[in-house]
DNA sequence: TAAGATGGTCAACGTGGTTGTCCAAAACGT
DNA sequence: ACGTTTTGGACAACCACGTTGACCATCTTA
């Protein structure tokens with residue numbers, strides 16, 4: 001029956017990867033070749049309001065240390081900046097720089113474009129259905145950022 | 001306008017991850033707690049006929065060294081064994097052990113079961129459609145094993 | 001005020017991937 | 001046949017990311 005059970009996860013992943021690669025190929029073309037798939041999710045988790053390393057770790061399902069390290073990299077690349085919280089000397093607020101916000105904005109646009117391409121290929125209604133079915137099946141589950149460690153380590 | 005473009009990749013990934021986690025949770029219960037998501041794909045790439053490190057690397061889209069390292073780990077865990085090729089003293093044939101074949105077999109069964117659960121939830125026809133649409137959109141693309149490096153590194 | 005919780009950083013370690021280098025064995029070409 | 005590639009494997013160095021454990025400064029709370 002139906003099809004081989006191996007196919008489903010494979011196809012889901014290939015779809016995921018193509019979208020992510022599509023966005024990063026375009027971002028690279030627009031002057032952000034250093035960004036990795038990982039970073040896009042970090043940007044989104046930081047959001048326009050900013051966060052702290054601990055909070056970021058919680059949102060992404062990794063340790064505060066791991067979140068801190070990723071932030072270090074992003075800071076070095078100029079996408080993020082840290083400042084001390086005037087109300088709490090322990091906290092360091094993390095904010096996207098203008099460059100960071102730009103990436104966030106462009107990513108959203110490019111994802112929308114890619115989605116539109118998919119819609120053009122299989123039909124907008126089918127794509128909506130696909131997405132809806134996926135939500136039905138997977139439920140409300142948060143995205144975990146520990147992909148490298150999860151998959152391999 | 002339909003939905004947020006961010007949702008699509010997220011949902012695809014969550015679906016992928018749930019299936020993979022489902023399989024590995026069950027495998028862990030059945031005596032294979034050391035296996036990582038990565039390994040499942042390696043098992044499948046090795047197949048019942050076996051391969052070599054170089055060939056495995058090609059199939060999975062990683063360097064022969066990376067493939068070799070992964071094989072080292074699997075060998076240490078007793079899922080794989082190497083033997084010299086009688087016709088070519090350079091080659092080392094890699095084969096699944098009985099334990100390895102067992103995992104491969106069970107994985108396929110569990111994937112089928114999980115797929116059946118999905119079918120029960122959204123309908124078998126919808127799931128078939130979903131899979132078909134995914135194939136239409138993503139085309140015939142091979143799975144790359146370099147997920148850790150791809151995502152994060 | 002003393003005790004506890006919280007935010008951040010450093011260090012050590014493990015896994016995975018990459019490139020570069022080397023060697024032995026097979027394949028090839030003249 | 002013999003010298004020259006090519007090929008399979010292994011080793012080393014290096015980078016990215018994840019984890020846990022420890023430590024300190026600061027805020028909270030009893």
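Residue numbers (full-length UniProt numbering), protein chains in the order written: chain F, 1 to 153; chain D, 1 to 153. The beta-carbon is built from N, C-alpha and C at its ideal position, and this holds for glycine as well.
Taking 8 Å as the cut-off, the beta carbon of residue 80 of chain F is found no closer than this to the beta carbon of residue 52 of chain F. Taking 8 Å as the threshold, the shortest C-beta distance from residue 33 of chain D to chain F does not fall below it. A Cβ-Cβ separation of about 10 Å leaves residue 151 of chain F out of contact with residue 16 of chain D under the 8 Å criterion. With a cutoff of 8 Å on beta-carbon distance, residue 11 of chain F and residue 134 of chain D are scored as near each other.
As the crow flies, the alpha-carbon of residue 43 of chain F is around 29 Å from that of residue 142 of chain D. Residue 92 of chain D and residue 83 of chain D have their alpha carbons spaced roughly 5 Å apart. Between the region 103-110 of chain F and the region 60-71 of chain F there are fewer than three inter-stretch CB-CB distances shorter than 8 Å, so the stretches are not counted as touching.
Taking 8 Å as the threshold, the shortest C-beta distance from residue 112 of chain D to chain F falls below it. In the DSSP assignment, the residues bridged to residue 81 of chain F are F:95. Secondary structure of residue 49 of chain F (DSSP, three-state): coil.
With its beta carbon less than 8 Å from one in chain F, residue 44 of chain D belongs to the interface. For residue 148 of chain D, the enclosing alpha helix (DSSP H) starts and ends at 147-151. Contact check for residue 148 of chain D against residue 19 of chain F fails: the beta carbons are separated by 8 Å or more. Within chain F, 14, 17, 18 have C-beta atoms less than 9 Å from the C-beta of residue 141 of chain D, given in sequence order. In this structure, the straight-line span from the alpha carbon of residue 122 of chain D to that of residue 21 of chain D is close to 20 Å. Straight across, the Cα-Cα distance linking residue 119 of chain F with residue 128 of chain F is about 8 Å. With respect to the C-alpha of residue 105 of chain D, the residue from D:4, D:6, D:27 having the closest C-alpha is D:27.
Counted as a single uninterrupted DSSP element, the alpha helix (DSSP H) harbouring residue 22 of chain D occupies residues 7-29. Excluding its 5 nearest sequence neighbours in each direction, residue 75 of chain D has C-beta neighbours in its own chain below 7 Å: 81, 82, listed in chain order.
If you look at residue 141 of chain D, you'll find it isn't in any alpha helix (DSSP H); DSSP assigns it neither H nor E.
Residue burial annotation: residue 31 of chain F is exposed, with fewer than 16 other C-beta atoms found within 10 angstroms of its C-beta. Counting the other Cβ atoms within 10 Å of the Cβ of residue 59 of chain F gives 16 or more, which makes it buried. A straight-line Cα-Cα distance of about 20 Å links residue 23 of chain D and residue 140 of chain F.
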